[in-house]
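First up is the structure itself, then whatever we jot down about it.
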Amino acid sequence: FQYGYAEIRAKVPKGRGLWPAFWLMACDQEWPPEIDILEMVGHDTRTNYMTVHYTAPSGAYEGSWGRYTGPDFSADWHTFGMDWRPDTIIWYVDGVERFRYTNSSYIPHEPMYLIINLAVGGKWPGPPDASTVFPYFFEVDWVRVWSPGASSPSFTSSAVYLPVVFKG
């Protein structure tokens with residue numbers, strides 16, 4: 029889709045080396061752009077990182093990000109949403125705006141698709157260690173997407189519901 033609102037209700041896993049994410053990638057598979065709606069590392073499940081990745085005029089890959097530190101997102105269900113418009117991206121956690129980006133030069137203006145994944149290891153979260161209890165679960169209750177022209181985002185609009193549980 030190109031522009032709209034996407035939201036997930038999820039419970040993230042806790043453990044060093046885990047890296048749950050809900051994000052958008054360009055349909056042409058070129059990177060950047062990328063928009064991260066929910067991105068956490070398993071050793072800090074209180075902080076959600078919200079990022080837009082883009083190519084700067086110099087050709088360098090850059091990103092603008094915000095972070096929100098709240099409750100332990102592994103302890104209960106929470107919603108993470110993003111309103112993507114041609115001139116603004118607004119991120120929400122549990123229905124409250126937590127970050128806003130307004131430089132329309134770097135906001136993606138092309139169709140993108142959603143990805144829900146749970147990476148294990150990598151440079152940012154590091155490898156799992158003895159404190160990481162397996163199996164782990166990235167629980168997803170639902171995903172909802174509203175495209176432009178649909179009713180304003182609400183729980184009664186035409187949404188897509190995908191009950192999913194990721195098991196490691």
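Residues in the sequence shown are numbered from 29 upward in steps of one, following the working numbering.
All C-beta atoms in this analysis are idealised placements derived from N, C-alpha and C, irrespective of residue type, glycine included.
Quantities reported herein were computed from a predicted structural model and do not represent experimental measurements.
DSSP-derived helix/strand/coil call for residue 44: Numbered from its first residue, the sequence shown carries residue 44 at position 16. Coil, per DSSP.
Using the three-state DSSP reduction, which class does residue 68 fall into: helix, strand or coil? As a working note, residue 68 is residue 40 in the sequence shown. Here residue 68 sits in coil by DSSP.
Does the Cβ of residue 164 have 16 or more other Cβ atoms within 10 Å, making it buried, or fewer, making it exposed? The sequence position of residue 164 within the sequence shown is 136, counting from 1. The residue in question, residue 164, is buried, as its Cβ has 16 or more Cβ neighbours within 10 Å.
What span of residues does the beta strand (DSSP E) with residue 93 cover, start to end? Taking the first residue of the sequence shown as 1, we reach residue 93 at position 65. Element bounds for residue 93: 89-97.
What's the call for residue 186, buried or exposed, on a 16-neighbour Cβ count within 10 Å? Counting from one through the sequence shown, the residue named residue 186 turns up at place 158. Bear in mind that the predicted position of residue 186 carries a pLDDT of just 38, short of 50, making it too unreliable to give a figure here.
Measure the CB-CB distance between residue 51 and residue 62 and report whether it falls below 8 angstroms. Here residue 51 corresponds to residue number 23 of the sequence shown, with the count starting at 1. Here residue 62 corresponds to residue number 34 of the sequence shown, with the count starting at 1. Yes; because the gap between Cβ atoms is below 8 angstroms, this pair is in contact.
Buried or exposed, going by whether 16 or more other CB atoms sit within 10 Å of the CB of residue 64? By one-based count along the sequence shown, residue 64 stands at place 36. It counts as buried.
For residue 74, which residues in the same chain have their Cβ closer than 8 angstroms to its Cβ, ignoring the five residues on either side in sequence? What you label residue 74 is simply residue 46 of the sequence shown in a count that begins at 1. The answer, listed in chain order, is 97, 98, 99, 100 and 101.
Cβ atoms of residue 127 and residue 78: under 8 angstroms apart, would you say? Counting from one through the sequence shown, the residue named residue 78 turns up at place 50. Counting from one through the sequence shown, the residue named residue 127 turns up at place 99. A contact, by the Cβ cut-off of 8 angstroms.
Tell me whether the stretch 109-124 and the stretch 37-48 touch, counting them as touching only if at least three CB pairs, one residue from each stretch, are closer than 8 angstroms. no
When 105, 85 and 172 are compared against residue 166, the one with the closest alpha-carbon: Here residue 166 is taken as the residue at index 138 of the sequence shown, counted from 1. The shortest Cα separation from residue 166 among 105, 85 and 172 belongs to 105.
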